[in-house]
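Asks:
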DNA sequence: TTTGTTATGACACAACTTTGACACATCAGG
DNA sequence: CCTGATGTGTCAAAGTTGTGTCATAACAAA
């Protein structure tokens, strides 16, 4: 699992980021001041660092000096309008920057982009005898390729990223289709059936009556 | 299940804590001196560490140095009055402290609070030989899966979260059904019966005549 | 203690809801 | 114009849930 450090003195913002990134499956640690941040950075165990420039005591630039020798990718968080900061940050070796206030979706996209660039993105998923390469969007079962459609693939990824979690229909639909779920249609069910059939997962994809579905380890 | 390490040289206190936390469903290991504690900490398998400051040989602060790089949350146990200790502990990275002698309830509350903060809050509930995973919405009795319907499941959670509390019908109904309780129907009773039957809990789910029901520890 | 009243347990069943299976219409891309 | 993907409707099957009945248990009053 990817580990991300968030260095940000406004605890509310830091926690907001943390919660959202954790929901995406990343492990996060927050540092609310530069000193703590420096200590954590020294551990060298992070895959990515989100760094606020305006910090009390030690500022973001100084911290960047800490990070550079370690080669950990950094995304700067800058206040709106401070163009100089952005340029300076990129010159000093930041991989990207994002302007506050930002959409959480944009943040996630940039995080994934940077991790991918560093070849650290989680790109392979597996469950039972099925392997999924998220980058090439290919799936194999027992090393035999399986052809999945776009929706089927996205649905599969969603299920695997939440294995052993009872997922509500609404949630699955919103994640995979990107829009609110209107009950009373057989869309989601149909795709579940198709996925079950193609993968022979009649027993793995369990229906949770009146709730939704759950991808289950055991028999 | 959450694993908690208790480092405390007074065995009586350590065991008291252990017994109470285990009753709450946590798995506990005790270390009665700093050296043993350090060895156990190094394994890195704990979700939370309760650390007495006053230890023979290696003291709590030194142990904290061990723990920090692992990112495991720590609650300090300090003697009454030693204000400096508390501050020092928090500065060194403890997540909370608790003053001896303490109410066991307070300890449990703080343990849960810290675990929640770390997103490690127990998603599992347990009572007697029944275990409930709220995330996957699965239930086992003596490690054998039990199939519950939505209503049964919600009802069970409500009961366990209020074990040993006499719950008024109205309250149960409103919590589980999400609407006001109209007396004079057998709905709630039926579900209680079904739950009793499925779990073999005829003796645990007691009826409180003219009031409602209570999930009871004793026989 | 007895008796009357009320609440709960046990159970069966019907109504209702949800899901699986499948066919087909529609849509998008080549 | 094809072709495969995707969404939707229908129907049957499966499962859930609310309610009524009746027996029994608990309580309260006499």
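Residue numbers (the numbering used here), protein chains in the order written: chain A, 1 to 219; chain B, 1 to 219. Beta carbons are placed, not taken as given, at the ideal position from N, Cα and C, and that holds for glycine.
1) Residue 67 of chain A CB to nearest chain B CB: under 8 Å?
2) What is the residue span of the alpha helix (DSSP H) that residue 37 of chain B lies within?
3) Confirm, please, whether the CB-CB distance from residue 129 of chain A to residue 109 of chain A is below 8 Å.
4) What residues from chain B crowd round residue 209 of chain A, counting only those whose CB sits closer than 8 Å?
5) Would you please verify whether the beta carbon of residue 171 of chain A is less than 8 Å from any beta carbon of chain B?
6) Would you call residue 203 of chain B buried or exposed, if buried means 16 or more other Cβ atoms sit within 10 Å of its Cβ?
7) Please go through the same chain and pick out, in chain order, the residues whose beta-carbon is closer than 7 Å to the beta-carbon of residue 9 of chain B, but skip the five residues on each side of it.
8) Taking just the CA atoms, how far does residue 134 of chain B sit from residue 171 of chain A?
9) Which of the three DSSP states, helix, strand or coil, is assigned to residue 206 of chain A?
10) Assuming residue 153 of chain A contacts residue 169 of chain A (C-beta within less than 8 Å), just tell me the rounded distance between them.
11) Residue 69 of chain A: buried (16+ other C-beta within 10 angstroms of its C-beta) or exposed?
12) Distance check for residue 195 of chain B and residue 4 of chain A, CA to CA, integer angstroms please.
13) With a threshold of 16 other CB atoms inside 10 Å of the CB of residue 101 of chain B, please say whether the residue is buried or exposed.
14) For the ligand FMN, is there any heavy atom lying closer than 7 Å to the beta carbon of residue 133 of chain B?
15) Any idea what DSSP makes of residue 169 of chain B, helix, strand or coil?
16) In whole angstroms, what separates the C-alpha of residue 113 of chain B from that of residue 198 of chain A?
17) Name the two residues that bound the continuous alpha helix (DSSP H) containing residue 61 of chain B.
18) Which of the three DSSP states is assigned to residue 105 of chain B in this structure?
19) Residues in the same chain with beta-carbon distance under 8 Å from residue 27 of chain B, minus the five sequence neighbours each way, listed in chain order, please.
20) Using 8 Å as the limit for Cβ to Cβ distance, is residue 164 of chain A near chain B?
21) Looking at the structure shown, is residue 47 of chain B part of a helix, part of a strand, or coil, going by DSSP?
22) Given that residue 137 of chain B touches chain A, what residues does it touch there, using C-beta distances under 9 Å?
23) If you draw a straight line from the C-alpha of residue 7 of chain A to the C-alpha of residue 46 of chain A, how long is it?
24) Who are the Cβ neighbours of residue 216 of chain B in its own chain at under 7 Å, not counting the five residues just before and after it?
25) Which same chain residues end up closer than 6 Å to residue 37 of chain B when comparing Cβ atoms and leaving out the 5 residues on each side of it in sequence?
26) Could you name the residues of the same chain whose beta carbon sits closer than 7 Å to that of residue 40 of chain A, not counting the 5 residues immediately before and after it, in chain order?
Replies: Quick answer:
1) no
2) 34 to 43
3) Going by C-beta atoms, residue 109 of chain A is not nearer than 8 Å to residue 129 of chain A.
4) For a Cβ distance threshold of 8 Å, residue set 149 and 150 of chain B lies close to residue 209 of chain A, ordered along the chain.
5) no
6) exposed
7) 32, 33, 52, 55 and 56
8) Computed Cα separation, rounded: 16 Å.
9) strand
10) Rounded, the Cβ-Cβ distance is 19 Å, inconsistent with contact.
11) exposed
12) 44 Å
13) exposed
14) As far as ligands go, the structure on display features none, and thus does not contain the ligand FMN.
15) helix
16) The alpha-carbon atoms of residue 113 of chain B and residue 198 of chain A are separated by roughly 44 Å.
17) 60 to 67
18) helix
19) 1, 2, 3 and 4
20) yes
21) coil
22) Correct list: 165, 166, 208, 211 and 214.
23) 12 Å
24) 164, 204 and 206
25) Here the set comprises 7, 31 and 63.
26) If we look at residue 40 of chain A and ignore the five residues flanking it on each side, its Cβ neighbours are 5, 29 and 31.
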